[in-house]
Structure formats: structure tokens, C-alpha cells
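With our numbering applied, the sequence shown corresponds to residues 202 to 320, in that order.
By construction, the Cβ of each residue, glycine as well, lies at the ideal position given by its N, Cα and C atoms.
All values derive from a computational prediction rather than experimental measurement.
Structure first, commentary second.
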Amino acid sequence: MKKPYKKPAKKNKKGQQMPNPEFIRVRTPKNKEVLGTVMQRLGGSRLSVAGLDGKTRVCRIPGRLKKSLWVREGNIVLVEPWEFEGDKKGDVVYRYNPTQVDWLKRKGYLKQISEFDEF
Numbered sequence: 202m203k204k205p206y207k208k209p210a211k212k213n214k215k216g217q218q219m220p221n222p223e224f225i226r227v228r229t230p231k232n233k234e235v236l237g238t239v240m241q242r243l244g245g246s247r248l249s250v251a252g253l254d255g256k257t258r259v260c261r262i263p264g265r266l267k268k269s270l271w272v273r274e275g276n277i278v279l280v281e282p283w284e285f286e287g288d289k290k291g292d293v294v295y296r297y298n299p300t301q302v303d304w305l306k307r308k309g310y311l312k313q314i315s316e317f318d319e320f
């Protein structure tokens with residue numbers, strides 16, 4: 202006796218990704234935090250970041266964010282300067298996606314630097 206014919210499983214659903222959901226809130230700089238753009242990756246979870254305050258800092262990605270935060274040159278990031286050597290060093294707290302960068306431009310947070318037109 203033959204078994205009834207079964208359709209093959211749909212493998213295309215396996216690799217599909219959901220589109221980015223619309224975000225509700227964008228994290229804005231608070232207290233000592235500064236917006237900046239990544240100029241260069243230095244290796245070992247360190248980055249060179251040019252901030253909106255006109256200072257270039259060597260920033261690190263903290264251990265709790267190392268695996269979840271992938272940062273490339275030209276990305277817009279939120280930097281928290283260190284208490285000592287705050288003009289030269291800091292920590293990357295958050296990375297903005299392109300939709301959030303557009304929102305920051307519209308609200309006037311990024312109007313100081315013209316390099317943000319890349320997004």
C-alpha cells in the first residue's frame with residue numbers, strides 16, 4: 202500500500218527576517234552624553250569618535266555591549282565621556298539606526314555637522 206503524497210516543507214520561511222518594526226522612542230542625549238560619528242575603528246573594541254562638541258575621543262564599547270553592538274565607520278553613536286580624561290576618552294552607550302538618524306535630523310539634534318548627510 203502506497204503512502205499518500207505530502208507536499209515538501211516550505212523552506213523559504215526559515216530564512217525570512219521580519220522588517221524593522223517602527224520604533225516608538227529614540228534615545229536622546231542626557232546629562233553628559235554626547236552625539237558623535239565613528240571616524241575609525243581602532244581594534245580591540247575601541248573606536249575614534251568625533252563628537253558634536255568638537256572633540257575627538259577614543260571610545261570603547263563596554264563588555265556588556267560587545268557582542269550585541271556592531272559599530273561601523275560613519276555610524277552615529279551616543280558617547281558618555283569618562284570622568285577623568287573626558288576630553289580624550291569615553292564609552293559608547295548606544296548606536297542609532299538610519300531611521301533614528303533621520304528622526305534626530307528632523308528634530309535638530311544633528312544639524313551642527315554636515316557629515317551626517319551620508320545616511
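Each of D303, L270 and G287 was checked against the Cα of D254, and the nearest Cα belongs to G287.
When DSSP states are grouped into helix, strand and coil, P299 belongs to the helix group. Only residues of its own chain outside the window of five on either side were considered, and among them V239 and R242 have a CB closer than 8 angstroms to the CB of R273, listed in chain order. Across the set R226, S246 and A251, the C-alpha of A251 shows the shortest separation from the C-alpha of V280. Here the region 299-314 does not lie against the region 260-270, with fewer than 3 beta-carbon pairs under 8 angstroms apart. Listed in chain order, the alpha helix (DSSP H) runs fully inside the region 258-313 are 299-308, counting runs of at least 4 residues. Taking the C-beta atoms as reference points, R258 is found nearer than 7 angstroms to K290.
Excluding residues up to 5 positions away in sequence, L279 and Y295 lie with their Cβ nearer than 7 angstroms to the Cβ of R228 in the same chain. Within the DSSP bridge table, the entry for T238 names A251 and I277 as partners.
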